[in-house]
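Number of protein chains: 2
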Amino acid sequence: MKLALLFLIFTVFSLSTIASTYEHPLDPLTPSEFNLVRTIVLKAYKASPPKLTFQYIGLDEPDKSIVLSWLLSSKPNNKSTKLPRRRAFVIARFNKQSHEIIVDLSKRSVVSSKVHSGHGFPMLTFDEQDVAAELPLSYKPFIDSVNKRGLNISQVVCSTFSVGWYGETKSKPTQKIQCFYTEGSVNLYVRPVEGITIVVDLDERKVVEYSDRFKIPVPKAEGTEYRASKQKPPFGPTLNGAAFVQPNGPGFKINGHSISWANWEFHLGYDVRAGSMISVASIFDIQQQRYRRVLYRGYISEFFVPYMDPTADWFFKTYLDSGEFGFGQSIVSLVPSADCPTNAAFFDAHYGGEDGKPVKITNAICVFEKYAGDIMWRHTESEIPNEEITEVRPDVSLVVRTVSTVGNYDYIIDWEFKPSGSIKLGVGLSGILGIKGTPYTHVNQIKEDVFGTLLAENTIGVHHDHYLTYYLDLDIDGEDNSFVKTNLETVKITYESSPRKSYWTVVHETAKTEADARIKLGLKPSELAVINPNKETKPGNKLGYRLFPGTVAHPLLLSDDYPQIRGAFTNYNVFVTPYNKSEKWAGGLYADQGRGDDTLMVWSLRNRSIENKDIVLWHTVGIHHVPCQEDFPIMPTLNAGFELRPTNFFETNPVLKTTQPKPVRMPKCTSQP
Amino acid sequence: MKLALLFLIFTVFSLSTIASTYEHPLDPLTPSEFNLVRTIVLKAYKASPPKLTFQYIGLDEPDKSIVLSWLLSSKPNNKSTKLPRRRAFVIARFNKQSHEIIVDLSKRSVVSSKVHSGHGFPMLTFDEQDVAAELPLSYKPFIDSVNKRGLNISQVVCSTFSVGWYGETKSKPTQKIQCFYTEGSVNLYVRPVEGITIVVDLDERKVVEYSDRFKIPVPKAEGTEYRASKQKPPFGPTLNGAAFVQPNGPGFKINGHSISWANWEFHLGYDVRAGSMISVASIFDIQQQRYRRVLYRGYISEFFVPYMDPTADWFFKTYLDSGEFGFGQSIVSLVPSADCPTNAAFFDAHYGGEDGKPVKITNAICVFEKYAGDIMWRHTESEIPNEEITEVRPDVSLVVRTVSTVGNYDYIIDWEFKPSGSIKLGVGLSGILGIKGTPYTHVNQIKEDVFGTLLAENTIGVHHDHYLTYYLDLDIDGEDNSFVKTNLETVKITYESSPRKSYWTVVHETAKTEADARIKLGLKPSELAVINPNKETKPGNKLGYRLFPGTVAHPLLLSDDYPQIRGAFTNYNVFVTPYNKSEKWAGGLYADQGRGDDTLMVWSLRNRSIENKDIVLWHTVGIHHVPCQEDFPIMPTLNAGFELRPTNFFETNPVLKTTQPKPVRMPKCTSQP
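Going down the list, the protein sequences come from chains A and B. Take the UniProt record's numbering: the last position of the first sequence gets the number 673, and nothing is skipped along the way. Take the UniProt record's numbering: the last position of the second sequence gets the number 673, and nothing is skipped along the way.
In structure tokens, the structure reads:
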């Protein structure tokens, strides 16, 4: 028995999401549901791929009120609670138009459909990008360009790049193609073939624009490989092996997509555009002996990555990684014991491919208990005579991790739940820099702005930004919430009775409308919280959760510059909007070549009332990235993030009476295997 | 053999610092050296304690050039290299004066001594504080005050508080005493006996001022206990047990006070005022096959904690936790498997007590490998046809931890070394809030500024700040360094050839003098680095280390307010000074009742040249703390910190060719013990 337990914990266990049916109204669509959606849509449109392409298939969420009442009525493991109707939202490209289709899965029919008449194009599929990226390789002028450079066409790999919007009045679904040289190294992104502009029409699936403007050396392969198998000595540094032992197995329970751990329970979803989605997160209050709601739904809504090179080959590189490329589609399979520790559990995910058929991502999400050696709380008391008291509680947290690789960059996305009620949102940046070829080999030769750092011979790491915008529909012990700024203000003492001349105090300011809640962080000292104005603690404080910002950046592009119009949702680090089911994507539903007319910034300008309402907090983590040589040829992870922390949500420290595990005693071992 | 190894790693191993002799010029004084210093000084002064009291005894560091040349000439384990002369620096209180004494330990004599003639008093000893805190308990007026309140004097515990400086022209070494009630709970700090002012003269060791001004209820004991043994059900949340297994033992090597791990080596010292000190930290460069210098010496120089209540009982609470109370003296014994994980090694520390005799702190410092489940770097490449590449390197780091408990607060101080060259400096705040008694029981009753949050009945958590100022003598591959601001500036595009209207680029600005390097962070986008202007990488970038600020706060007190004059070293988040052996303590050598005439701010105003010189970077981590109910009765750890990260220090990613451990295979186990 004990032996069996021990064995269990060293087995990487994979929990498939393939279920014959869904169990929670927010469960992502199952493979069979994707197939059903596909059948219904193709039948309704009397079409087959690639005449009709599925650009997005996702759950059409039931109304929040329906989900909440289902939650209230459903008892754990009570399958009899009737689930709300199940619908899918589809964006399909058909006859050179974008169609928005709602499919009812129980009725097996299209409920509604309309043609998108506004600007912008839907998320790009992998298939259309693959087709586009292959086109140059059989395109005569490109083959000539490659030959002219003395390169071997069989070693050229091309990739697709979204084109942005620069004031054009007419847009077609196009992609730019940039090609790379892979002879001698798989690190293609650091070896661009510069000077060639290729534009592909995605509807026509052909090259529509081509120019070869100049020739510069392709950066050499030497020193660019990152595969262990290709490295030559000397090796190092050498790290030491370790493993976790959890004699009682993991501390979390997984029931379909619902996860419970310590005092937390939440639903772990997935969407092809957003990636992982955390829903209905609640924390058990031991004083009240009930779960209390914290977060209705949270996910990364958009991810803006503008590069800072205005020249012909680079100016358009101002990506919306979520809206253009699909942050969920870009999720890669996690490597057990490397991407996640040995004690992790894994989830697969499924999305609908361009042909509507389900595509499986194995080990798309991992969940693990993090034992980082942190201290939950402690105190040593030595003031009391003849008594020395030390109380320490070591901390453990639960991490939900995905990695989205969007071309060159790898984004490690963590949701970390702490028993103290804190939720830490982490993003780690790794992968390969966006590299530009250059004739320069030494900084001394450079007399102009090269828009980046010379990292190696012929290799510029181009300046850029990363802005991740989180959607955080906090429900602090109920839906109706307010956003409160607690401003720290200096008080000048004018009376004689105090030897002090000053102190600071707090002035609470409740945001009435959206304008009050657009905030550039760092300009003045202020604590930001979402509170429930209808509920208070025993001493009378309003229940709240506070935003502890971490890495913050303010955009440096002019606000009327085209990329910044599209990325205007980063103009402020914080927005608060009234909950609106249709306002999900900060960069707009049709982000590719969008014109910024459907962004969070635009919605916010309606200046709606947000006081004592169901509200959504939007927070943008920002990083200005000046590359350095350490980022080359592959980047050590750079961490950023923020924290949501209870503030007068609990009457007292919620982990005061935590039950700590007994020290783990090791089994008697006779040998190593 | 394998069994023995396994056994070893589950044994908490304690490495005593007691050595008959020192092995490194920066080794802290040994117990026998403290005894020797004591003997020499008492003999020279013909005095014995408490007529002469030792307020500070520490290593009088050899000149930096001497240490560096010793390092160069010393080979590992070569004990024959002659160590520089060994000296101690002593501040003693004798005849109501502060004496600065330098003792030569080899010559066994006092080398120099002088009487301090400026403002301020030396660090307080535990003994004098203990004596002072006992005085009220036998002081008739205080006993009357206690009786008048209906309290039991045997349950009253008093504590000492530094008095600050508020423009007095004459100062005596005094402390204020505040008392607390411990009936029913050991959490004394949350149960202050308010309304009584007690001033003690430390030289006279008697009460010199007493007033009992008002009576308010002592907050009740209920709900304030934090000891597990005193908690009543319901308990929770329940956490899961885990242990580390390191079949090959720890990855670090300890040789006296020198630690080597992965690609790092450094000296781990200790000082009664500073706490842990990291010196001569170097990182092995696998390309150059040599250790390269990063940090000559780093430690917490001062810790300013001003409270924001200007009333009679509280206005003076503006502590300098390092200069007044000794951040090293305040280090507490770490609890194995709780304060530090099971795989930690522990060091004892010794300081000289008031009588000069060595005092031992058992398990004062721990060192452990942190396996937090982080990713060192990764990439998944799927653009290359018929090839799917995923390379991931899990991260491990080395943590050096101490906990200093200064009265109510517990400060967890981490130095984290990463194989990528990054050094993360973490501070965790836990322990008990500074609590003020109040007649209020509900927020509704409060019509005035109460200078804090009502946390429970009669309990105000008073607003305050924490400013930790780090001394960071970076030596980037050599002593002569410069401080460079890389400013990110928007460029407006006026030419027609780009569809963009703007981008940002970088403008490097080398600080010429100290004024150029006084920085309030967050006001403009800028990357700050210490670089070596005399050395460059192959592409020609200057070698550097960058400061990644984390938690930053700007003081809100008026700059001419007394506490802020003493705490003026927090006026800027960053200072750079030329290296000066005498400039160690940002708040002044005599911080207690100091008048701000010997602070980092004052030194910086000399506006010395700092370009291409041996320079010191000073960085202040700041937190404005508005208490919340979760912080009561004991505070879940709040984390802050910053990171030093190589920037063009290495030619490429220094962990590209890291040697990862083989997966740990579990031993064959037959049973649990």
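For glycine and all other residues, C-beta sits at the position ideal for the given N, C-alpha and C.
Best match in the options for proximity to residue i [C-alpha to C-alpha]
i: leucine 105(B); options: Asp144(B), Leu68(B) and Pro25(B); result: Pro25(B)
i: threonine 494(B); options: Lys230(A), Gly550(A), Asp561(A) and Lys418(A); result: Asp561(A)
i: serine 32(A); options: Ser65(A), Pro49(A), His99(A) and Arg108(A); result: Arg108(A)
i: histidine 464(A); options: Lys520(A), Thr238(A) and Val305(A); result: Val305(A)
i: lysine 662(A); options: Arg393(A), Leu124(A), Tyr307(A) and Lys542(A); result: Arg393(A)
i: threonine 659(B); options: Gly195(A), Ile361(A) and Tyr226(A); result: Tyr226(A)
i: valine 484(A); options: Tyr299(A), Ser609(A), Ala511(A) and Arg149(A); result: Ala511(A)
i: valine 506(B); options: Ala640(B), Pro525(B) and Asp374(B); result: Pro525(B)
i: tryptophan 585(A); options: Asn248(A), Leu320(A) and Thr459(A); result: Leu320(A)
i: asparagine 95(A); options: Ile460(A), Phe54(A), Tyr166(A) and Phe214(A); result: Phe54(A)
i: proline 533(A); options: Glu509(A), Leu398(A), Ile519(A) and Val335(A); result: Glu509(A)
i: alanine 640(A); options: Gly164(A), Phe368(A) and Val427(A); result: Val427(A)
i: isoleucine 412(B); options: Trp377(A), Ile413(A) and Glu100(A); result: Trp377(A)
i: arginine 518(A); options: Thr453(A), Met277(A) and Val602(A); result: Val602(A)
i: asparagine 255(B); options: Gly249(B), Phe235(B), Val245(B) and Phe266(B); result: Phe266(B)
Endpoints, alpha helix (DSSP H) assigned at residue i
i: serine 65(B); result: 64-73
i: valine 41(A); result: 31-45
i: tryptophan 585(B); result: Note, tryptophan 585(B): premise wrong, no alpha helix (DSSP H); not H, not E.
i: serine 604(A); result: 600-604
Residue i burial status per 10 Å Cβ neighbour count (16 or more: buried)
i: glutamine 288(B); result: exposed
i: phenylalanine 142(B); result: buried
i: threonine 670(B); result: Confidence is the limiting factor: at threonine 670(B) the pLDDT is only 49, short of 50, which leaves the residue's position unreliable and the question unanswerable from this model.
i: aspartate 597(B); result: exposed
i: glutamate 183(B); result: exposed
i: serine 145(B); result: buried
i: leucine 523(B); result: exposed
i: residue 681(A); result: There is simply no residue 681(A) to check, as chain A begins at 1 and stops at 673 in what is shown.
i: glutamine 445(A); result: exposed
i: valine 208(A); result: exposed
i: residue 681(B); result: Any question about residue 681(B) goes unanswered here, given that chain B covers just 1 to 673.
N- and C-terminal bounds of the beta strand (DSSP E) containing residue i
i: isoleucine 412(A); result: 409-417
i: serine 211(B); result: 206-212
i: leucine 26(A); result: Looking at the DSSP string, leucine 26(A) is not in any beta strand (DSSP E), and its letter there is neither H nor E.
i: serine 112(B); result: 109-115
i: leucine 638(B); result: 635-646
i: alanine 374(A); result: Before going on, a small fix: residue 374(A) reads as aspartate here, not alanine. Per DSSP, aspartate 374(A) belongs to no beta strand (DSSP E) and is neither H nor E.
i: arginine 393(A); result: 389-394
i: tyrosine 22(A); result: Run containing tyrosine 22(A): none; DSSP gives neither H nor E here.
i: histidine 99(B); result: 97-104
i: arginine 93(A); result: 87-94
beta-carbon residue i near the ligand MN non-hydrogen atom, thresh 7 Å
i: proline 28(A); result: The ligand MN is not among the ligands present in this structure, which contains no ligands whatsoever.
Is there contact between the region 309-319 of chain B and the region 496-510 of chain A, where contact requires at least three CB pairs shorter than 8 Å? As far as the Cβ criterion goes, the region 309-319 of chain B touches the region 496-510 of chain A, which means the pair count is three or higher.
Closer than 8 Å is the cut-off here; do at least three beta carbon pairs connect the region 345-364 of chain A with the region 370-390 of chain B? At 8 Å Cβ cutoff, the stretches do not touch.
If we require 3 or more residues per run, which beta strand (DSSP E) segments fall completely within the region 267-322 of chain B? Along the region 267-322 of chain B, the beta strand (DSSP E) occurs as fully enclosed runs of 3 or more residues at 275-285, 290-306 and 318-320, listed in sequence order.
So does the region 355-375 of chain A actually touch the region 39-51 of chain A, counting three or more Cβ pairs closer than 8 Å? A contact is defined here as three or more CB-CB pairs under 8 Å, and the region 355-375 of chain A meets this definition with respect to the region 39-51 of chain A.
Are at least three pairs of beta-carbons, each pair with one atom in the region 466-483 of chain A and one in the region 285-296 of chain B, less than 8 Å apart? The region 466-483 of chain A, when compared against the region 285-296 of chain B, does not touch it at the 8 Å Cβ threshold.
List in chain order: all unbroken beta strand (DSSP E) runs of 3+ residues lying wholly within the region 421-452 of chain B. For the region 421-452 of chain B, whole beta strand (DSSP E) runs of length 3 or above, ordered along the chain, are 423-431 and 435-437.
Jot down the residue ranges of each uninterrupted alpha helix (DSSP H) in the region 478-562 of chain B, minimum 4 residues, whole runs only, in chain order. Qualifying alpha helix (DSSP H) stretches: none in this window.
Entirely within the UniProt domain "Copper amine oxidase N3-terminal" (122-218) of chain A and at least 3 residues each: give me those beta strand (DSSP E) ranges in chain order. 156-162, 174-181, 196-201 and 206-212, all fully within the UniProt domain "Copper amine oxidase N3-terminal" (122-218) of chain A.
Can you confirm whether the region 319-328 of chain B touches the region 60-76 of chain B when touching is taken to mean that 3 or more C-beta pairs between the two stretches lie within less than 8 Å? Verdict: no, contact absent.
Could you tell me whether the region 119-132 of chain A touches the region 585-597 of chain A, where touching means 3 or more Cβ pairs closer than 8 Å? As far as the Cβ criterion goes, the region 119-132 of chain A touches the region 585-597 of chain A, which means the pair count is three or higher.
I'd like to know if the region 535-545 of chain A and the region 646-654 of chain A are in contact, where contact means that at least 3 CB-CB pairs between them fall below 8 Å. The region 535-545 of chain A is in contact with the region 646-654 of chain A.
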